[in-house]
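Peer 1: In terms of the numbering used here, the sequence shown opens at residue 20 and continues consecutively.
Note that CB positions come from ideal geometry on N, CA and C, so glycine has one too.
Everything numeric in this text was worked out from a predicted model, so none of it was measured.
Provided herewith is a single structure, encoded as structure tokens, for subsequent inquiry.
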Amino acid sequence: METTADIKKAILPVTGMSCAACAVSVESMLKHTAGVADAGVNYANQSVWIDYNPKATSLPDLDKVLQGIGYGLIIEDDEEDAIAEQEKIQRDHYEKIKRSTIASGLLSLPVVIIGMFFMDKFKAGNYIMMSFTLPVLVIFGKEFFINAWKQARHGKANMDTLVALSTGIAFLFSVFNTFFPQFWHARGLHPHVYFEASAVIIFFILLGKLLEERAKTNTSDALKKLIGLQPKTVRIIVNGTETEITVREVHIGDEIIIRSGEKIPVDGKVVSGQSYVDESLMTGEPVPAEKTAGTQVFAGTINQNGSFNFVAEKVGRNTVLAQIIKTVQQAQGSKAPVQRLVDKIAGIFVPVVIGIAVLTFCAWIFFGGENSLTHALLAAVSVLVIACPCALGLATPTAIMVGVGKGAQNNILIRDAESLEKAHAVNAVILDKTGTLTEGHPEVTEWKWSDLVENQDQHLSAIRALESRSEHPLAQAVVKYLRESESVKMIDFQSVTGSGVKGVVDGETYLIGTLTFLEKEGVLLDQDLTQQAVLLREKAQTVIGVSCGNKHIALIAIADKLKPTSAQAVAALQKQGITVYMLTGDNAQTAAAVAREVGITEFEAEVKPDDKMWFVKKLQAEGKVVAMVGDGINDSQALVQADVSVAMGKGSDIAMDVAKMTLMTSDLMVLPKALKLSGQTVATIKQNLFWAFIYNLIGIPLAAGVLYPINGFLLDPMIAGAAMALSSVSVVTNSLRLRSARL
Numbered sequence: 020m021e022t023t024a025d026i027k028k029a030i031l032p033v034t035g036m037s038c039a040a041c042a043v044s045v046e047s048m049l050k051h052t053a054g055v056a057d058a059g060v061n062y063a064n065q066s067v068w069i070d071y072n073p074k075a076t077s078l079p080d081l082d083k084v085l086q087g088i089g090y091g092l093i094i095e096d097d098e099e100d101a102i103a104e105q106e107k108i109q110r111d112h113y114e115k116i117k118r119s120t121i122a123s124g125l126l127s128l129p130v131v132i133i134g135m136f137f138m139d140k141f142k143a144g145n146y147i148m149m150s151f152t153l154p155v156l157v158i159f160g161k162e163f164f165i166n167a168w169k170q171a172r173h174g175k176a177n178m179d180t181l182v183a184l185s186t187g188i189a190f191l192f193s194v195f196n197t198f199f200p201q202f203w204h205a206r207g208l209h210p211h212v213y214f215e216a217s218a219v220i221i222f223f224i225l226l227g228k229l230l231e232e233r234a235k236t237n238t239s240d241a242l243k244k245l246i247g248l249q250p251k252t253v254r255i256i257v258n259g260t261e262t263e264i265t266v267r268e269v270h271i272g273d274e275i276i277i278r279s280g281e282k283i284p285v286d287g288k289v290v291s292g293q294s295y296v297d298e299s300l301m302t303g304e305p306v307p308a309e310k311t312a313g314t315q316v317f318a319g320t321i322n323q324n325g326s327f328n329f330v331a332e333k334v335g336r337n338t339v340l341a342q343i344i345k346t347v348q349q350a351q352g353s354k355a356p357v358q359r360l361v362d363k364i365a366g367i368f369v370p371v372v373i374g375i376a377v378l379t380f381c382a383w384i385f386f387g388g389e390n391s392l393t394h395a396l397l398a399a400v401s402v403l404v405i406a407c408p409c410a411l412g413l414a415t416p417t418a419i420m421v422g423v424g425k426g427a428q429n430n431i432l433i434r435d436a437e438s439l440e441k442a443h444a445v446n447a448v449i450l451d452k453t454g455t456l457t458e459g460h461p462e463v464t465e466w467k468w469s470d471l472v473e474n475q476d477q478h479l480s481a482i483r484a485l486e487s488r489s490e491h492p493l494a495q496a497v498v499k500y501l502r503e504s505e506s507v508k509m510i511d512f513q514s515v516t517g518s519g520v521k522g523v524v525d526g527e528t529y530l531i532g533t534l535t536f537l538e539k540e541g542v543l544l545d546q547d548l549t550q551q552a553v554l555l556r557e558k559a560q561t562v563i564g565v566s567c568g569n570k571h572i573a574l575i576a577i578a579d580k581l582k583p584t585s586a587q588a589v590a591a592l593q594k595q596g597i598t599v600y601m602l603t604g605d606n607a608q609t610a611a612a613v614a615r616e617v618g619i620t621e622f623e624a625e626v627k628p629d630d631k632m633w634f635v636k637k638l639q640a641e642g643k644v645v646a647m648v649g650d651g652i653n654d655s656q657a658l659v660q661a662d663v664s665v666a667m668g669k670g671s672d673i674a675m676d677v678a679k680m681t682l683m684t685s686d687l688m689v690l691p692k693a694l695k696l697s698g699q700t701v702a703t704i705k706q707n708l709f710w711a712f713i714y715n716l717i718g719i720p721l722a723a724g725v726l727y728p729i730n731g732f733l734l735d736p737m738i739a740g741a742a743m744a745l746s747s748v749s750v751v752t753n754s755l756r757l758r759s760a761r762l
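Written out as structure tokens, the structure reads:
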């Protein structure tokens, strides 16, 4: 009996998918294969997750199953190799569609010119149009017919079916009229041709697919960069000898050597040495963490100055970095609501239109009288031509394209339609502290001198000399704050781990560090400065003391300063009825001070990357539509879990790749504008879909000849083609109105 312990999960790239219906076919085929417990396909990033029993089936077996219906899996031991192979296939497919779009456009242009302006000018016109249209259909538009046939074999229909039927029937009807015009002349009718409708429809649909493929080409960048955080090789100690091996060969218990500037390959515990490690990947905090014997290190983090040895405790897919990668993969596997909506509409719309066309033909055959066949053919073709899904297909992408362009003009970079569709419904915004509400790097905010100090410049030169020798990150903030000073003579410099620095400058002994460090060294603390230190700490500022001899001479306050517009942005969001939350890996005291300063009442401190993700899930379980705003790799899990993910433009590349929106400025006031833009874009999409359906609701009955018994009006297929083009123009024009909308 199969148990959950027997089930293994795999996330793999899929090849050969060209439409959402393909994704449905792949998913359905896998789910009905023996040994597969469940499967789900994400058409947007061309991937599939599979829960399967390795005892009953294997990934190569599943690949063979999909190859039988024209698809395939990319199976690579190295995830980076798999992503690279998928990217190559996507690039090749994009270039193919690009060539087809350009070629079909060039061939369609003379057909349109002849059909619209020179139809009756010369006898060879029909033959010229036919010769230009034929390659558009059979070479550059063949995928529509192939996909329609695949759907038909399974008893299904999609938008490719309508494209294939309308263009195919219009073309064949036109070919018949070109070679046998006497059939219509004998009945007193003019043999119209509709080559331009066939060619232009294929061109416009290919153009839409080209835009879609271009948006999909970079979907694996975030995963590729996350995977790239792990070094390829490491140095370990084996029987006292240093040996270089690949990361895949590292086992739990191996002792690994890390030198200055190197990336940590796996999770583990430091056993010797001392250094500072940039852990913004895990904590989002700008200050590197000190590492000494007994402290933890994590894969993907970057060592600063110093070196150390650590023992591997988690390797391979068990590291924190690997778990982040897995979470991003799974979250990106969700299907876009826009795609589901279009598929659902098409699933109903297409069969109905085909049914109406058949019913129209039959009705005219039986009740059309003397010219029943003529009227039946004209009416059926008119129904298929006028119901071509151009307006429906353009309704969403044109609004999205204009909305994205409008966003770019306002420093809002939007990566997909899903986020633009959802953002208007957001009622909960989560803000990361560091780099989002704050500047993201420590700076000296205040400098307090003792009343007993007379020559400040002399002390400043000594302080700068000492701090420039220190490896502590906060020391760099002090050095940056102080101007270039006169050279001084320094001897006996010492760095006391976790406390501060000590040295003799121009014959005077200076201490720079915590007040506790100064007190332990025999310095008598200045009472006034000590009281000010308490007030500064309440404002979430780090306090450093300075002494000369045994006198406490100064206090230096260092903090990650708030951005000028943070409080204003929070107030603007709250005014829109949105609840604002703040999450940070910093301590509770600092978190409370920052939250108080920007006007946030809901906040969480000392949170880890997965804590942020679970906080998002908790709000979603409460029925909230959640937007997550962050700037660090540590935010990536929460970003992909959120309904709308927003990265700050000056944040990490990973955050910007994972997020679906990026604010290309550090000004948080752009966020309310992004939410407003979403509302305007969604309203435009709804208007476009409304008019696309109204057009069909009116146009299809007219094409079917519903007015003929009343006033003898029968819609000419030529007019139907013009109406189809007009519907597309109206949708595009309505979308362009977004350009002038105010945010």
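(1) Under the DSSP definition of a beta bridge, which residues are partnered with residue 566?
(2) Taking the CB atoms as reference points, tell me whether residue 295 and residue 325 lie closer together than 8 angstroms.
(3) Less than 8 angstroms between C-beta atoms, sequence neighbours within five positions excluded: which residues of the same chain meet that for residue 203?
(4) Mind checking residue 597: buried by the 16 CB within 10 Å criterion, or exposed?
(5) If we ignore side chains and look at the alpha-carbon of each, how far apart do residue 508 and residue 282 end up?
(6) Counting only the same chain and skipping the five closest in sequence on each side, list residues whose C-beta sits under 7 angstroms from that of residue 395.
(7) Please report the distance separating the alpha-carbon of residue 585 from that of residue 562.
(8) Classify residue 759 as buried or exposed, calling it buried when 16 or more other Cβ atoms lie within 10 Å of its own Cβ.
(9) Grab the span of the beta strand (DSSP E) containing residue 330 for me, first residue to last.
(10) Label residue 748 either buried or exposed according to how many other C-beta atoms from any shown protein chain fall within 10 Å of its C-beta, with 16 as the threshold for buried.
(11) Judging by CA-CA distance, which residue of 328, 313 and 339 is the nearest neighbour of residue 320?
(12) What is the rounded straight-line gap between the Cα of residue 312 and the Cα of residue 572?
(13) Can residue 781 and residue 462 be called in contact, C-beta distance under 8 angstroms?
(14) With distances taken Cα to Cα, identify the nearest neighbour of residue 497 among 604, 627 and 564.
(15) Below 8 angstroms on the Cβ atoms is my contact criterion, and I expect residue 430 with residue 128 to pass it. Report the Cβ-Cβ distance as a whole number of Å.
(16) Give the list of continuous beta strand (DSSP E) stretches no shorter than 3 residues that lie fully inside the region 448–507.
(17) How is residue 205 classed by DSSP in three states: helix, strand or coil?
(18) Near residue 137, which residues of its chain fall below 7 angstroms by C-beta distance, leaving aside the five closest residues on each side in sequence?
(19) How about residue 548 and residue 574: do their beta carbons lie closer than 8 angstroms?
(20) Relative to the C-alpha of residue 25, which candidate in 593, 55 and 582 has its C-alpha closest?
(21) Which term fits residue 535, buried or exposed, when burial requires 16 or more other beta carbons within 10 angstroms of its beta carbon?
(22) Going by Cα to Cα distance, which pick from 533, 567 and 402 is closest to residue 473?
(23) According to DSSP, is residue 212 helix, strand or coil?
(24) Need the endpoints of the alpha helix (DSSP H) that residue 522 sits in, please.
(25) So is residue 650 buried or exposed if we call it buried at 16+ other beta carbons inside 10 Å?
(26) Do the region 694–703 and the region 366–377 make contact, defined as three or more Cβ pairs closer than 8 angstroms?
(27) For residue 113, which of helix, strand or coil comes out of DSSP?
(28) Where do the N-terminal and C-terminal ends of the alpha helix (DSSP H) with residue 66 fall, by residue?
(29) Output needed for residue 120: all residues of its chain with C-beta closer than 6 angstroms, excluding positions within five of it in sequence on either side, in chain order.
(30) Are residue 607 and residue 625 touching if we call contact CB-CB under 8 angstroms?
(31) With burial defined as no fewer than 16 other Cβ atoms inside 10 Å of the residue's Cβ, what is the status of residue 146: buried or exposed?
(32) Going along the chain, which residues of its own chain have a beta-carbon closer than 7 angstroms to the beta-carbon of residue 755, five neighbours each way excluded?
(33) Mind listing, in chain order, the continuous alpha helix (DSSP H) runs of no fewer than 4 residues lying wholly within the region 576–619?
(34) Might you give, ordered along the chain, the residues of its own chain that have their beta carbon closer than 7 angstroms to the beta carbon of residue 537, omitting 5 neighbours on each side?
(35) Please state whether DSSP places residue 94 in a helix, a strand or coil.
(36) Tell whether a beta-carbon distance below 8 angstroms holds between residue 426 and residue 419.
Peer 2: Looking at the atomic coordinates:
(1) Looking up residue 566 in the sequence shown gives position 547. Assignment of beta-bridge partners to residue 566 by DSSP yields 530 and 571.
(2) The residue you call residue 295 lines up with position 276 of the sequence shown. The residue you call residue 325 lines up with position 306 of the sequence shown. Yes. Within cutoff.
(3) Counting from 1 along the sequence shown, the entry for residue 203 is found at position 184. Listed in chain order, the non-local C-beta contacts of residue 203 below 8 angstroms within the same chain comprise 196, 209, 210 and 393, local neighbours out to five positions each way being set aside.
(4) Counted from its first residue, the sequence shown places residue 597 at position 578. Result: buried.
(5) Reading the sequence shown from its first residue, position 489 is the one you call residue 508. Reading the sequence shown from its first residue, position 263 is the one you call residue 282. Using only the alpha carbons, I get a separation of about 36 angstroms.
(6) Numbered from 1 along the sequence shown, position 376 holds the residue referred to as residue 395. If the five residues before and after residue 395 are omitted, its C-beta is found closer than 7 angstroms to the C-beta atoms of 380, 383, 384 and 387, all from its own chain and listed in chain order.
(7) Against the sequence shown, residue 585 aligns to sequence position 566. Against the sequence shown, residue 562 aligns to sequence position 543. Looking at the two C-alpha atoms, the distance is approximately 24 angstroms.
(8) Here residue 759 is taken as the residue at index 740 of the sequence shown, counted from 1. Residue 759 sits exposed, since fewer than 16 C-beta atoms from the chains shown fall within 10 Å of its C-beta.
(9) Translated into positions along the sequence shown, residue 330 becomes position 311. Its beta strand (DSSP E) spans residues 321–333.
(10) As a first step, residue 748 must be located in the sequence shown, where it is residue number 729. It is exposed - the Cβ of residue 748 has fewer than 16 other Cβ atoms within 10 Å.
(11) The count along the sequence shown starts at 1 and reaches residue 320 at position 301. In this structure, 339 is the residue among 328, 313 and 339 with its C-alpha nearest to the C-alpha of residue 320.
(12) Within the sequence shown, residue 312 is the residue found at index 293, counting from 1. Within the sequence shown, residue 572 is the residue found at index 553, counting from 1. Looking at the two C-alpha atoms, the distance is approximately 34 angstroms.
(13) Absent from the structure is residue 781, since the part of the chain shown begins at 20 and ends at 762.
(14) Locating residue 497 in the sequence shown gives position 478, where the first residue counts as 1. The shortest C-alpha to C-alpha distance from residue 497 to any of 604, 627 and 564 is the one to 564.
(15) Here residue 430 refers to the residue found at position 411 when the sequence shown is read from its first residue. Here residue 128 refers to the residue found at position 109 when the sequence shown is read from its first residue. Contact check for residue 430 and residue 128: beta-carbon distance about 38 angstroms, past the 8 angstroms limit, so the pair fails to qualify.
(16) The region 448–507 contains these whole beta strand (DSSP E) runs: 462–468.
(17) Translated into the one-based positions of the sequence shown, residue 205 becomes position 186. For residue 205, the secondary structure class from DSSP, reduced to helix, strand or coil, is coil.
(18) Taking the sequence shown and counting its residues from 1, one reaches residue 137 at position 118. Taken in chain order, the residues that qualify are 144.
(19) The count along the sequence shown starts at 1 and reaches residue 548 at position 529. The count along the sequence shown starts at 1 and reaches residue 574 at position 555. Contact: yes.
(20) Along the sequence shown, one-based indexing puts residue 25 at 6. Nearest of 593, 55 and 582 to residue 25, Cα basis: 55.
(21) Within the sequence shown, numbered from 1, the residue matching residue 535 stands at position 516. It counts as exposed.
(22) Working through the sequence shown from its first residue, we reach residue 473 at position 454. Of the listed residues, the one whose Cα sits closest to residue 473 is 567.
(23) Within the sequence shown, numbered from 1, the residue matching residue 212 stands at position 193. Note: residue 212 maps to coil in three-state DSSP.
(24) Translated into positions along the sequence shown, residue 522 becomes position 503. Residue 522 -> not in any alpha helix (DSSP H); beta strand (DSSP E) instead, spanning 519–524.
(25) Start at 1 with the first residue of the sequence shown, and residue 650 comes out as number 631. Buried is the label assigned to residue 650, since at least 16 other Cβ atoms lie within 10 Å of its Cβ.
(26) Because the criterion of three Cβ pairs below 8 angstroms is not met, the region 694–703 and the region 366–377 do not touch.
(27) In the sequence shown, residue 113 corresponds to position 94, counting from 1. Residue state, collapsed to three classes: helix.
(28) Position 47 of the sequence shown, counted from the first residue, corresponds to residue 66. For residue 66, no alpha helix (DSSP H) segment is defined; the enclosing uninterrupted segment is the beta strand (DSSP E) at 66–71.
(29) Here residue 120 refers to the residue found at position 101 of the sequence shown. So the list reads 225, 226 and 229, once near-sequence residues are dropped.
(30) Locating residue 607 in the sequence shown gives position 588, counting from the first residue. Locating residue 625 in the sequence shown gives position 606, counting from the first residue. Contact flag set, yes.
(31) Numbered from 1 along the sequence shown, position 127 holds the residue referred to as residue 146. Exposed, by the Cβ-count rule.
(32) Position 736 of the sequence shown holds residue 755. 421, listed in sequence order.
(33) List check, alpha helix (DSSP H) in window: 585–594 and 607–617.
(34) Locating residue 537 in the sequence shown gives position 518, counting from the first residue. The answer, listed in chain order, is 530, 544, 564, 566 and 571.
(35) The count along the sequence shown starts at 1 and reaches residue 94 at position 75. Note: residue 94 maps to coil in three-state DSSP.
(36) Your numbering for residue 426 matches position 407 in the sequence shown. Your numbering for residue 419 matches position 400 in the sequence shown. Taking 8 angstroms as the cut-off, the beta carbon of residue 426 is found no closer than this to the beta carbon of residue 419.
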